[in-house]
Amino acid sequence: RKVEEVREEEAEEDGDEDSEDLDAQELSDGARERAEAALAQRHYDVAIDHLSYALTLARDSAELYALRCEAYMAKAEESPDPAPLLKRAEADAQMLLSLDVCADAYFVAGELCERMGKPEQARTMYARAVEEDPTLS
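The opening position of the sequence shown corresponds to residue 683 in the numbering used here, with each subsequent residue numbered one higher.
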C-alpha cells in the first residue's frame with residue numbers, strides 16, 4: 683500500500699483532537715515500525731518515505747534520523763550514482779549528532795564516513811563511539 687493511504691487511514695482512526703500529541707507519537711511510532719519492516723525487506727524507498735513522514739511528527743528524534751541515514755546508505759550501495767544518497771545520509775548524520783551525542787550516533791557517522799571514502803574521519807567517529815561506550819572496542 684502507498685504511504686499516503688496508510689496516513690489517511692491512521693488520520694481517520696485518530697480523530698480526537700485532545701490527544702493530538704499522543705496521536706502524533708503513535709503515528710510516528712507506526713511509521714517507524716513500517717520503515718523498519720521495509721528496511722528488512724530491502725525496500726529502501728518505502729522505508730525512507732515512512733521515516734520522512736515520522737520525522738514530520740517527531741522532528742527531534744535521533745532514532746529516526748539514524749534509521750533514515752542507514753536507509754540512505756543501504757540504498758546508495760545499490761545505486762549506480764550513490765553520491766546524492768550519501769549527501770542525504772550525511773545531512774541526517776549531522777542532525778543525528780546535533781540531537782544525540784552517543785556511541786550509536788558516532789558509529790552511524792563512522793559508517794557513513796567510511797562509505798564516503800573518508801577513512802580518517804571514519805576512524806575519528808569510531809574512536810568517539812568507543813569513548814562513549816568502551817564495550818564497543
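Just so you know, even glycine gets a beta-carbon here, dropped at the ideal spot from N, CA and C.
Near arginine 716, what residues of its chain come up, given a Cβ to Cβ distance below 6 Å and the 5 sequence neighbours on each side ignored? His732
Sequence-distant residues of the same chain with beta carbon closer than 6 Å to valine 812, five excluded per side: Leu818 and Ser819
Serine 710 beta carbon less than 8 Å from that of alanine 748: no
Put arginine 741 into one of helix, strand or coil per three-state DSSP. coil
Near methionine 755, what residues of its chain come up, given a Cβ to Cβ distance below 8 Å and the 5 sequence neighbours on each side ignored? Leu767, Leu768, Ala771, Glu793, Leu794 and Arg797
Pull up the distance between the alpha-carbon of serine 734 and that of aspartate 774, whole angstroms please. 11 Å
Hey, out of Glu802, Ala720, Leu779 and Gly799, whose CA is closest to serine 743's CA? Leu779
Apply the 10 Å Cβ neighbour rule to alanine 787 and answer buried if 16 or more other Cβ atoms are within range, or exposed otherwise. buried
How would you write the range of the alpha helix (DSSP H) that glutamate 792 sits in, first residue to last? The sequence as given places glycine at residue 792; glutamate does not occur at that position. Where glycine 792 is concerned, the enclosing alpha helix (DSSP H) stretches over 785-797.
Whose C-alpha, out of Glu814, Thr806, Glu708 and Glu718, is nearest the C-alpha of cysteine 751? Glu718
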